Amino acid sequence: MSPTMSSTTANSTAIRTSNTTARPQTGCWWESKPVATSTGYGDAEIICAISESRGISPTIGLSFVSVATSEATLCQFTDTQTYARTCHKIKIYAPSETLYMSAAEDSKLISVVAENLEVETVGIRMTSLHRKYWSALSGQDYVRCLAFPDEVEVLKSSTAGYYFATCCFSAALKHIDKSRGLAFAPQTLRIRFESSEGSMMIDLSTMASLELIQNLQNAKSRECLFGLLNETLTPMGARFLRSNVLQPSTDAEKIKKRQEAVTELTTKGDMLFAIRSGTETFRREELANIS
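Under our numbering, the first residue of the sequence shown is numbered 85, with each subsequent residue one higher.
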């Protein structure tokens, strides 16, 4: 990403840098620093923040922020002492860095996550942060400031009461701000709250044995389910496909709509060609804007 990016960018999503260094009272970012775009900083740059409540069946909060595609996902659910659902969720998003509170350094959660996801083998950075990074109030402010205008009210409603998820969202964004000097311009971050319902959970050993995202003999080979299906043209599309391979929907209505869309695209070749051509053009323009 070029640090000398122009203050206005054609066909971009309100990407700007500002000459002022003052932060608004709302907690929104608006500083003189590079702005994260849907093609910038590296397609694999995904920051995960994790926290948990105390108790026999802990409540887990997670937030994933993709710098490359300007997307953020918030999750909160109850897990068991084996943290199977937590490890599954992190595996789906494959973060490059996972953040946790410094007070949880020796917790069972961090130990299980590090062991099950083989963080040292695959190169996932585990970073501890001070408790001050985790603020539900700041997380709510970020939602209100950075989300698309027509999604703010829905997001405020869907995240209300999910303390741990919004705390993680705050930690992830503050860490990106402090460690990378990156800022998302207001109203340009696609944020969604992901419920634990409506999807299938596939355990990590099954993912591996079925070769859903990686070939057992050659880790770099495309000969796995994801590799064979992946004809996407953008990082966002590839990530969405990966998520659906590892976390298939169980929502009958959603599955029906997807089947109808596939039928329409396979029977209308001109429409499919136009959509793919338009996507390729958009991708090239984005790359040119940050070169």
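C-beta atoms are modelled at their ideal positions from N, C-alpha and C, and glycine is treated no differently.
Model, not experiment: these values are computed from the prediction.
Residue from the options whose Cα sits closest to the Cα of residue i
i	options	result
PHE277	LEU296, PHE268, GLU295, LYS240	LYS240
THR243	ASP261, ASP190, ALA156, LYS192	ALA156
ALA231	ARG264, LEU266, SER333, ILE275	ILE275
SER137	MET291, THR290, CYS251	CYS251
LEU146	ALA303, GLN165, VAL238, TYR247	TYR247
Buried versus exposed call for residue i [16 or more other C-beta atoms within 10 Å across all chains shown]
i	result
ARG215	exposed
PRO332	exposed
ALA98	Below a pLDDT of 50, predicted positions are generally treated as unreliable, and ALA98, at 34, falls in that range; no measurement from the model is reported.
ILE140	exposed
ALA106	Confidence is the limiting factor: at ALA106 the pLDDT is only 35, short of 50, which leaves the residue's position unreliable and the question unanswerable from this model.
ARG209	exposed
PHE161	buried
ASP190	exposed
ILE339	exposed
GLU337	exposed
SER91	With a pLDDT of only 32 at SER91, under 50, the local geometry of the prediction cannot be trusted, and the value read off the model is given with reservation. So SER91 ends up on the exposed side.
LEU193	buried
ASP234	exposed
ARG323	buried
GLN343	exposed
GLN224	buried
Same chain only: Cβ atoms within 8 angstroms of residue i, ignoring 5 sequence neighbours per side
i	result
SER186	SER212, LEU213, HIS214, ARG215
GLU348	MET355
VAL236	VAL227, ARG228
GLN109	Bear in mind that the predicted position of GLN109 carries a pLDDT of just 36, short of 50, making it too unreliable to give a figure here.
ILE260	ALA120, ILE131, VAL149, VAL151, LEU266
VAL329	LEU296, ILE297, LEU309, PHE310, LEU313
ALA292	GLN298, LEU300
Residues of its chain near residue i, where Cβ-Cβ distance is below 6 angstroms and the 5 sequence neighbours each way are ignored
i	result
ASN299	SER305, GLU307, CYS308
LYS258	TYR217
SER219	SER254
LYS117	Any reading at LYS117 must be qualified, since the residue scores a pLDDT of 39, below 50, and its modelled position is unreliable; the value itself is stated next. Around LYS117: GLY265, ALA267.
ALA358	none
GLU129	VAL151, ALA152, SER180
ASP127	Low confidence applies to ASP127: its pLDDT is 49, below 50, so where it sits in the model is not reliable, and the reading given next is rough at best. Excluding residues within five positions, the ones whose Cβ falls inside 6 angstroms are ALA152, PRO319.
Cβ pair residue i, residue j closer than 9 angstroms
i	j	result
VAL203	CYS171	no
ALA267	LEU158	no
VAL346	ALA256	no
GLY321	THR363	yes
THR153	PRO270	no
ALA178	ARG360	no
ILE134	ILE176	no
THR334	SER283	yes
ASP163	THR143	yes
N- and C-terminal bounds of the beta strand (DSSP E) containing residue i
i	result
GLN160	155-162
ARG274	274-278
LEU313	Where LEU313 is concerned, there is no enclosing beta strand (DSSP E), although the alpha helix (DSSP H) it sits in stretches over 309-313.
THR211	209-213
beta-carbon residue i near the ligand NAP non-hydrogen atom, thresh 8 angstroms
i	result
GLU337	By its list of ligands, the structure shown contains no ligand whatsoever, and the ligand NAP lies outside what it can speak to.
Residues of its chain near residue i, where Cβ-Cβ distance is below 7 angstroms and the 5 sequence neighbours each way are ignored
i	result
ASN200	CYS171, LEU288
ALA168	ASP287
LEU273	SER154, ALA156, LEU230, ALA231
SER263	none
ALA188	ILE194
ALA198	MET210
Beta carbon proximity, residue i to chain D, threshold 9 angstroms
i	result
LEU266	In the structure shown, chain D cannot be found, because there is only a single protein chain.
Bounding residues of the alpha helix (DSSP H) (the contiguous stretch that carries residue i)
i	result
MET285	No alpha helix (DSSP H) holds MET285; DSSP gives it neither H nor E.
GLU189	Per DSSP, GLU189 belongs to no alpha helix (DSSP H) and is neither H nor E.
SER141	That residue, SER141, is in no alpha helix (DSSP H); it is neither H nor E in DSSP.
VAL346	336-351
SER180	From DSSP, SER180 is part of no alpha helix (DSSP H); its letter is neither H nor E.
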